[in-house]
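This report concerns only the one structure given below.
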Amino acid sequence: MRRAPFIALALPVALAACGGPAEEPEQQAAAAAPEPVLTSNAAPTAVPSGKTLAEGDWQTTEDGNGARAVFASHEGEPILTVACTRANRTLTVERAGQLQPGGQYSIMAGQPRERFMLPMRQTPSAQPAFASTVNPQQPILGAMAMQGSTFTFHGPGTQEIEIPGSSGIMRVVNACLYT
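Numbering that gives the first Met the number 0 puts the first residue of the sequence shown at 0, with every later residue one more than the last.
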C-alpha cells in the first residue's frame, strides 16, 4: 500500500507534463486575431432614410490657436466647419451660404434623431457664410462626431444636407475643453 501515495502524487505531475509549454498572452492574442480583409466596397452614398449624403471629405487641423474640422466638397469648397478658438474656448459651427434673416436653422443628429437649434449670424468672410456659437459640452456634438453616423443641417435658403459624422469634430471639442 505504500505505492498508492506515490502514485497519487506522481499522477498530477505526469499529466501536467503532457500539456506542453504554456503560450505567452501575446502569442494567444496574435493567434486569435483574424487577418484584415480588404474590400472594394464603395463608401456609402445614402442613409437608411433614403437621403443622399453630401459629397465631400472631412479635414481636421489643429495649431496653437485652436482646431478646425471642415467638411468640404471634392473641389475643396467648405460646406460645414466646426472650429474652436482656444483663447476664449469658443466653439463655432459655420455653414457656407447666405443667411436668411429670421430663419430657423438646426442640426438633427443621434439615434433617435434630436434637433438642436442654431441661432445663426452672417460672418464676415470672402465666401458667404453664417455661424453659431455652441457650448462645447453640447451633446449633439458627440452625435455628430460618431464615426459611421450622419447628421442633417436644416435651414431656409440652404439645401438640406446629410453629412457623415467625423471623429475630427470630437478633436475640435476636446481642443476647447481640455487645452
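Ideal Cβ positions, reconstructed from N, Cα and C, are used throughout, including at glycine.
> Are residue 105 and residue 153 close, meaning C-beta to C-beta below 8 angstroms?
Replying inline: The residue labelled residue 105 in the question sits at position 106 within the sequence shown. The residue labelled residue 153 in the question sits at position 154 within the sequence shown. It is a contact, given that the beta carbons lie within the stated cut-off.
> Between the Cα of residue 146 and the Cα atoms of 162, 91, 166, which residue gives the shortest distance?
Replying inline: Within the sequence shown, the letter at position 147 stands for residue 146. Nearest option by C-alpha distance: 166.
> So what does residue 131 bridge to, in DSSP terms?
Replying inline: On the sequence shown, residue 131 is found 132 positions in, with the first residue counted as 1. When beta bridges are read from the DSSP output, residue 131 appears opposite 92.
>> Could you pull the DSSP bridge partners for residue 104 from this structure?
In response: Residue 104 sits at position 105 when you count from the first residue of the sequence shown. According to DSSP, which records beta bridges pairwise, residue 104 is partnered with 117.
> DSSP on residue 144, reduced to helix/strand/coil?
Replying inline: Counting from one through the sequence shown, the residue named residue 144 turns up at place 145. Judged by DSSP in its simplified three-state form, residue 144 adopts helix.
> Should the region 105-125 be called in touch with the region 148-164, which here means at least 3 C-beta pairs below 8 angstroms?
Replying inline: Short answer: they touch.
> For residue 155, is the classification buried or exposed, using 16 other Cβ atoms within 10 angstroms of its Cβ as the cut-off for buried?
Replying inline: Working through the sequence shown from its first residue, we reach residue 155 at position 156. By the 10 Å Cβ count, residue 155 comes out exposed.
> Closest to residue 68 by CA distance: which of 75, 83, 114 is it?
Replying inline: Reading the sequence shown from its first residue, position 69 is the one you call residue 68. Closest in alpha carbon position to residue 68, among 75, 83, 114, is 83.
> For residue 86, does the three-state DSSP call read helix, strand or coil?
Replying inline: Locating residue 86 in the sequence shown gives position 87, where the first residue counts as 1. Residue 86: coil per DSSP, three-state reduction.
>> Can you find the residues in the same chain that come closer than 7 angstroms, C-beta to C-beta, to residue 102, ignoring five residues on each side of it along the sequence?
In response: Your numbering for residue 102 matches position 103 in the sequence shown. Beyond the five residues adjoining it in sequence on each side, residue 102 comes within less than 7 angstroms, by CB distance, of 154, 155, 156 in the same chain, given in chain order.
> By how many angstroms is the C-alpha of residue 177 removed from the C-alpha of residue 160?
Replying inline: Counted from its first residue, the sequence shown places residue 160 at position 161. Counted from its first residue, the sequence shown places residue 177 at position 178. Those two C-alpha atoms are separated by around 31 angstroms.
>> My parser needs the beta strand (DSSP E) runs of 3 or more residues fully inside the region 149-175; what are they?
In response: Runs of the beta strand (DSSP E) lying entirely within the region 149-175, each at least 3 residues long, are 149-153, 160-163 in chain order.
>> If I follow the unbroken beta strand (DSSP E) through residue 67, where does it start and stop?
In response: The residue labelled residue 67 in the question sits at position 68 within the sequence shown. Segment 65-71, the beta strand (DSSP E) holding residue 67.
> According to DSSP, what are the bridge partners of residue 79?
Replying inline: Within the sequence shown, the letter at position 80 stands for residue 79. DSSP, once it has assigned bridges, lists 70, 94 as partnering residue 79.
> Given that a residue counts as buried once 16 or more other Cβ atoms are within 10 Å of its Cβ, and exposed if not, what is residue 163?
Replying inline: As a working note, residue 163 is residue 164 in the sequence shown. Label assigned to residue 163: buried.
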